[in-house]
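Participant: Have a look at this one.
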């Protein structure tokens with residue numbers, strides 16, 4: 206049972222996932238800084254409150270429902286999604302497309318090279334074989350004519 210767990214941990218997917226979690230944490234820190242330093246001050250200028258937590262808040266019997274906090278979380282999510290898309294996915298897809306194009310170009314060049322080799326003059330060894338085959342065929346014709 207421990208061997209299976211070791212194999213699971215050692216697989217590349219697990220390492221990729223760990224890198225993704227670390228990168229997600231780093232992106233979250235950047236997004237929170239943008240929200241706290243840029244967006245929340247704009248909200249304070251427009252609505253007179255420092256952040257969205259108190260915006261659209263309803264208090265009844267000591268319980269507070271804050272739609273502004275939900276809007277702030279949605280805004281954070283959208284900013285993170287945009288950052289991940291444009292900073293991670295777009296460059297990776299661009300790199301993948303360039304790699305596929307390069308591989309296709311290399312494969313096409315190899316095919317052209319193979320075609321050129323096929324149309325080139327035969328090598329000295331191939332010419333010798335062809336000459337010997339022609340001699341054999343001529344001798345076979347002469348022997349057939351004698352018989």
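Residue numbers (the numbering used here): 206 to 352.
Every residue gets a Cβ at the ideal spot worked out from N, C-alpha and C, and that includes glycine.
Note that the structure is predicted; figures quoted are calculated from it, not measured.
My assumption, with CB atoms under 8 Å, is that residue 269 sits in contact with residue 262. Please give the rounded CB distance.
Facilitator: 6 Å
Participant: Is any heavy atom in the ligand SAH found nearer than 8 Å to the beta carbon of residue 275?
Facilitator: Among the components of this structure there are no ligands whatsoever, and the ligand SAH is therefore not found.
Participant: Grab the span of the alpha helix (DSSP H) containing residue 275 for me, first residue to last.
Facilitator: 272 to 289
Participant: Quick one: using the 10 Å Cβ neighbour count with 16 as the cut-off for buried, is residue 243 buried or exposed?
Facilitator: exposed
Participant: Report the CB separation of residue 257 from residue 283 in whole angstroms; it is logged as a contact under 8 Å.
Facilitator: About 13 Å; that fails the 8 Å criterion.
Participant: Measure the Cβ-Cβ separation of residue 292 and residue 232 and say whether it is below 9 Å.
Facilitator: The Cβ-Cβ distance between residue 292 and residue 232 falls below 9 Å.
Participant: So, under 8 Å CB-CB, residue 236 and residue 288 are touching, yes? Tell me the CB distance rounded to an integer number of Å.
Facilitator: 6 Å
Participant: By the DSSP assignment, the beta strand (DSSP E) with residue 263 in it spans what residues?
Facilitator: Under the DSSP assignment, residue 263 falls in the beta strand (DSSP E) whose first and last residues are 262 to 265.
Participant: Could you tell me which of 346, 274, 307 sits nearest to residue 259, measuring between CA atoms?
Facilitator: 274
Participant: Taking the alpha-carbon positions, what's the residue 340 to residue 334 distance?
Facilitator: Going from the Cα of residue 340 to the Cα of residue 334 covers about 10 Å.
Participant: From the DSSP output, read off the bridge partner residues of residue 268.
Facilitator: 265
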